[in-house]
Amino acid sequence: MKRILLAAFFLSTGATHLFAQGYRGHDFWIAFPQNAVLEDNRKLELSLFITAETRTTGTIQNMMDSSIKPFSVEGGASVQVDIDTEIELCSSSLIEPKSLHITSDHDITLYVVSHRPASTDSYCAIPTDLLGTRYIATGYTALRNGPESFTSEATVVATQDNTLLTVHLTAPTLGGLSESLPKGRTAIFPLNRGEAVQLASSTREGGSDFTGTTFSATKPVAFFTGHRCAQVPPAITFCDMLLEEEPPESDWGRAFILTKFQSKDYYVARVVAGSKATNVFLDGKPVDTLEPGGYYEVDTLHSDAVITTSEPALVAQYATSASADEVKVGDPFMLIAVPNDRFIKEVTTTSVVNGFFDHYLNVVIPKDALSSLSIDDIIAGTGKDALWTNPLRESLAPGGNYLVLTFHVPEGRHLLRCAKPMAVYAYGFGSRGDNYDSYGHACGMRLGK
């Protein structure tokens, strides 16, 4: 009864939007940045995973040809929709109508995955009404001794006609079908609704990494960042795609709890600044001062960590390459850390790959909220018939105010609720024949006012 009354209070006051929705919405613009270019392009698989709490119908419009694909999903379920691989962006600095517009009659949570054997990553899509106009890319170092095209990339999709996109480059771009652009160049791209432009960095001029490149638009745009196939750290084999949809700069934060990934010895993190004299602290100790577009990287994090900054910042977390661990588990993926003041009370997540994968959830909650955390309506740690609701790991994050829990969950859709706002990260590592593969993403956060 208490839970029902609490839900009614949130609905009546509008607080559901603040703490429960996360990235739930009914209108999305998405793109598929380029995955690693392999000889057999037929092995590429692009998919949407759609979850809903109410029976929902919707459409997926392909802006390349205006074709429309309908979908439906039952309440409390998820569906997978495979997408024609022709929509993948394979160019640099070229404007193309390669995007999807997804709409639905009720709110959905939308997960997007790009998969090749041994190169996979995913993101949770941000609804159109929560997009912004200014972003700063978070990429990674170019692949050592690999193809020149295995570099960082950033992609923008316009949601409205007559959108002007201004880009200040921290690295040169690849050439090809369009002119290559030098490091330091300011480029302007005129975009109409549904048009996308992808920029891929080049190793020319000593460049290789788009981290710190700014993207400013006159109207809201969707922004995707990552790498075509990165080794993390750069000297450790093997490479894998990095992919996330970034929140706008207006939704950055000053405090973040980073969580260790199951079965990995350590992880890597980057802190990107948007303001002058941004002081960065790791577990309370000062480690760097950054200027706009500058970043601090730490590549030896063996446990949960706390990042704080004097000005709003963006923090990315990277899983390491398989050879970083003796057990050869997984490969790199990237996720965007959720600021502590952007936590939410309810999250719907689902596995985004099929096959031989181990799927995990890392959950960050206030330490006094543990007894209220439920997964699929089972209070965590109490389900004798659902042992996966018992955490593999429970630790106190530095500072002592938050708990970090790791759950090994079965494939499929899961609903998490907590009396106090939390952060949820979903990730997976391949096993058996898929052991050099992985995916990972944050499962939404509170955006906007």
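Residues 4 to 452 in the numbering used here are what the sequence shown lists, from first letter to last.
Built from N, CA and C at the ideal position, the CB exists for glycine as well.
{"Asked": "Would a C-beta distance cut-off of 7 Å place Gly28 and Pro130 closer than the cut-off?", "Found": "yes"}
{"Asked": "According to the neighbour-count rule (16 or more other Cβ atoms, all chains shown, within 10 Å of its Cβ), is Arg435 buried or exposed?", "Found": "exposed"}
{"Asked": "Based on the DSSP secondary-structure assignment, which residues constitute the bridge partners of Phe227?", "Found": "Thr158 and Glu248"}
{"Asked": "Considering only their Cβ atoms, is the gap separating Val341 from Ala445 smaller than 7 Å?", "Found": "yes"}
{"Asked": "Tell me the rounded alpha-carbon separation between Gln234 and Asp85.", "Found": "28 Å"}
{"Asked": "By DSSP, does Leu390 sit in helix, in strand, or in coil?", "Found": "helix"}
{"Asked": "Quickly, what does DSSP pair Thr131 with across the bridge? List them, please.", "Found": "In the DSSP output, where bridge partners are listed per residue, Thr131 has none listed."}
{"Asked": "With distances taken from CA atoms, which of Thr60, Ile347 and Pro36 is nearest Arg449?", "Found": "Ile347"}
{"Asked": "Using a threshold of 7 Å, state whether the C-beta atoms of Ala280 and Val367 are closer than that.", "Found": "no"}
{"Asked": "Do you know how far the Cα of Tyr442 is from the Cα of Ser107?", "Found": "26 Å"}
{"Asked": "My assumption, with CB atoms under 8 Å, is that Ser75 sits in contact with Trp32. Please give the rounded CB distance.", "Found": "The pair is not a contact, with the Cβ atoms about 21 Å apart (cut-off 8 Å)."}
{"Asked": "Taking the continuous beta strand (DSSP E) assigned at Ser441, which residues delimit it?", "Found": "Ser441 to Ala445"}
{"Asked": "Please identify the residue among Pro236, Ile53, Glu89 and Ala80 whose C-alpha is closest to the C-alpha of Pro73.", "Found": "Ile53"}
{"Asked": "Assuming Thr262 contacts Gln201 (C-beta within less than 8 Å), just tell me the rounded distance between them.", "Found": "Going by Cβ atoms, the distance from Thr262 to Gln201 rounds to 30 Å, so no, they are not a contact pair."}
{"Asked": "Among the candidates Tyr321, Glu294, Arg137 and Gly287, whose CA atom is the shortest distance from the CA of Val301?", "Found": "Tyr321"}
{"Asked": "Would you call the CB atoms of Leu51 and Thr88 closer than 7 Å?", "Found": "no"}
{"Asked": "Taking buried to mean at least 16 other C-beta atoms within 10 Å of its own C-beta, is Leu304 buried or exposed?", "Found": "buried"}
{"Asked": "Considering Glu349, what are the terminal residues of the beta strand (DSSP E) in which it resides?", "Found": "Ile347 to Thr353"}
{"Asked": "Pop quiz: Lys370 and Leu399 are said to be a contact at Cβ under 8 Å. What is the actual Cβ separation, rounded to whole angstroms?", "Found": "7 Å"}
{"Asked": "So, helix, strand or coil for Ala372, using DSSP?", "Found": "helix"}
{"Asked": "Name the one or two DSSP bridge partners that Val412 has.", "Found": "His362"}
{"Asked": "Since Leu419 contacts Val318 with CB under 8 Å, what's their CB separation in whole angstroms?", "Found": "So it is not a contact: roughly 22 Å between Cβ atoms."}
{"Asked": "Taking the continuous beta strand (DSSP E) assigned at Phe284, which residues delimit it?", "Found": "Thr281 to Leu285"}
{"Asked": "Name the DSSP bridge partner or partners of His417?", "Found": "Thr352"}
{"Asked": "Pairs of beta-carbons, one from the region 280 to 291 and one from the region 54 to 73, closer than 8 Å: are there three or more?", "Found": "no"}
{"Asked": "Quick check on the DSSP output: what are the complete beta strand (DSSP E) runs of length 3 or more inside the region 289 to 340, in order along the chain?", "Found": "298 to 304, 308 to 322 and 337 to 339"}
{"Asked": "Whole angstroms is fine: what's the gap from Ala34's alpha carbon to Glu248's?", "Found": "10 Å"}
{"Asked": "For the beta strand (DSSP E) that Tyr114 lies in, which residues bound it at each end?", "Found": "Leu103 to Arg119"}
{"Asked": "Please classify Gly215: does DSSP put it in a helix, a strand, or coil?", "Found": "coil"}
{"Asked": "Using DSSP with H/G/I as helix, E/B as strand and the rest coil, what is Asn65?", "Found": "strand"}
{"Asked": "Mark Val330 as exposed unless 16 or more other C-beta atoms lie within 10 angstroms of its C-beta, in which case mark it buried.", "Found": "exposed"}
{"Asked": "For a quick check, are the C-beta atoms of Val412 and Leu364 less than 7 Å apart?", "Found": "yes"}
{"Asked": "Taking DSSP as the reference, what is the three-state secondary structure of Thr88?", "Found": "helix"}
{"Asked": "Straight-line CA distance for Phe432 to Gly447?", "Found": "20 Å"}
{"Asked": "Along the chain, where does the beta strand (DSSP E) that runs through Tyr270 open and close?", "Found": "Tyr270 to Ala276"}
{"Asked": "Over what stretch of residues does the beta strand (DSSP E) that includes Gly256 continue unbroken?", "Found": "Gly256 to Leu261"}
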